[in-house]
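Worksheet: one structure, shown below.
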Amino acid sequence: MCGIVGLFTKTEALRPALGQHLSGMLVTLSDRGPDSAGLAIYGAERAGRIKITVQADEPARLSALDIPGAESRVIDSHAVLTLPEEAAPEAEALLRATPGLRVMGAGTRIEIFKEVGRPADVSRRFGFDGMQGTHGIGHTRMATESAVTTDGAHPFSTGPDQCLVHNGSLSNHNSVRRRLARSGVTVSSENDSEVAAAYLTREMAAGKDLGQALTSALDDLDGFFTFVVGTRTGFGVLRDPVACKPAVMAETDDYVAFGSEYRALAALPGIETARVWEPEPAQVYFWEA
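Quick note on this note's numbering: the sequence shown kicks off at 6 and runs consecutively.
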């Protein structure tokens, strides 16, 4: 079932309270996904610096991480490491090779926090209410395709400043996974949603923008899906041609918002005068700053 939310700001008005709004949207959809929850948020960037979000099975290990040149901000079971751009590839490879650590995402702006637990508890653990940024996407999971683990939680990030949340199931994810592997793209979890994220990463690495990559997904991905995707500057939505998974969007002069159900949007400022609509099947919606 699952619940997905997204909020893309067009002006400064909502950016200081972005996390507060996204947290409220996630908690509202708790009954759609009580197993795990997560949030990807696009905050401020620093010239020449990369952020790597890492999660640990034993959170005490995070304060002991020794990455040369890195500044560390520990938040519960996650840490955000900020380090010089030239040092980031080696640091990320080291973190990925270390047992008990998981790289959640990396880029100039993205930070990803996700764990097993009800959305309200996950939000409280990581302080979603206090996070700021230009846009973000979130997910509440009801597990169907893989176990209830941190690895199976959304959002999934498979490329710099890229992430995806998904409601539905892909019927051809195994064949797509094999095709990705042959092209050098590996998927670390058993979750079909990570396959979709990796597919979009590969398409964008080949030169497509997010809108073009989502259009290609209509031909290459089979099954029932609603995707909400984030990039460094963009925000995209796509439903499969049948569109059996619920979705609603709202747009004002200040923001574009997505929710699996309207109740997730009901507390947003200005919602009473927003343009509200159900996204059409097989149509790409794409905004970029």
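Backbone N, C-alpha and C define an ideal beta-carbon position, used for all residues, glycine too. Please read these numbers as outputs of a predicted model, since none were measured by experiment.
In the DSSP assignment, His140 falls within the beta strand (DSSP E) that extends over 140 to 146. In the DSSP annotation of this structure, the continuous segment of the alpha helix (DSSP H) that includes Thr33 starts and ends at 23 to 33. The residues Ala252, Val253, in chain order, have a CB closer than 7 Å to that of Glu283 in the same chain once the five nearest residues on each side in sequence are set aside. Around the beta carbon of Cys249, fewer than 16 other beta carbons lie within 10 angstroms, which makes this residue exposed. Separation of Phe131 and Glu116 (C-alpha to C-alpha, rounded to the nearest whole angstrom) is 11 Å.
Pairing Thr14 with His140, the inter-Cα distance amounts to about 6 Å. The alpha-carbon separation between Val170 and Asp197 amounts to approximately 11 Å. In the three-state reduction of the DSSP assignment, Val181 falls in the helix class, which pools H, G and I. Straight through space, the alpha carbons of Thr113 and Arg54 are spaced by roughly 7 Å. By the neighbour-count criterion, in which 16 or more other beta carbons inside 10 Å mark a residue as buried, Ala52 falls on the exposed side.
The three-state secondary structure of Val153, taken from DSSP, is coil.
Boundaries of the beta strand (DSSP E) harbouring Ala111: 106 to 112, taken from the DSSP string. Residue pairing by DSSP puts His83 in a beta bridge opposite Gln60, Ile80. With a cutoff of 8 Å on beta-carbon distance, Phe230 and Leu175 are scored as near each other. Around the beta carbon of Val247, fewer than 16 other beta carbons lie within 10 angstroms, which makes this residue exposed. If you draw a 10 Å sphere on the C-beta of Leu99, you find fewer than 16 other C-beta atoms in it, and that means exposed.
Between the stretch 57 to 70 and the stretch 22 to 34, the count of C-beta pairs closer than 8 Å stays below three; the two stretches do not touch. Thr33 and Cys168 have their C-alpha atoms roughly 22 Å apart. Where Phe133 is concerned, there is no enclosing beta strand (DSSP E), because DSSP gives it neither an H nor an E. In chain order, Lys56, Thr58, Arg78, Glu116 place their CB closer than 6 Å to the CB of Val85, counting only its own chain and leaving out the 5 sequence neighbours on each side.
Distance from the CA atom of Ala96 to the CA atom of Pro165, rounded to whole angstroms, is 14 Å. If the five residues before and after Asp36 are omitted, its C-beta is found closer than 7 Å to no C-beta atom of its own chain. Counting the other CB atoms within 10 Å of its CB gives Arg280 a total below 16, which places it among the exposed residues.
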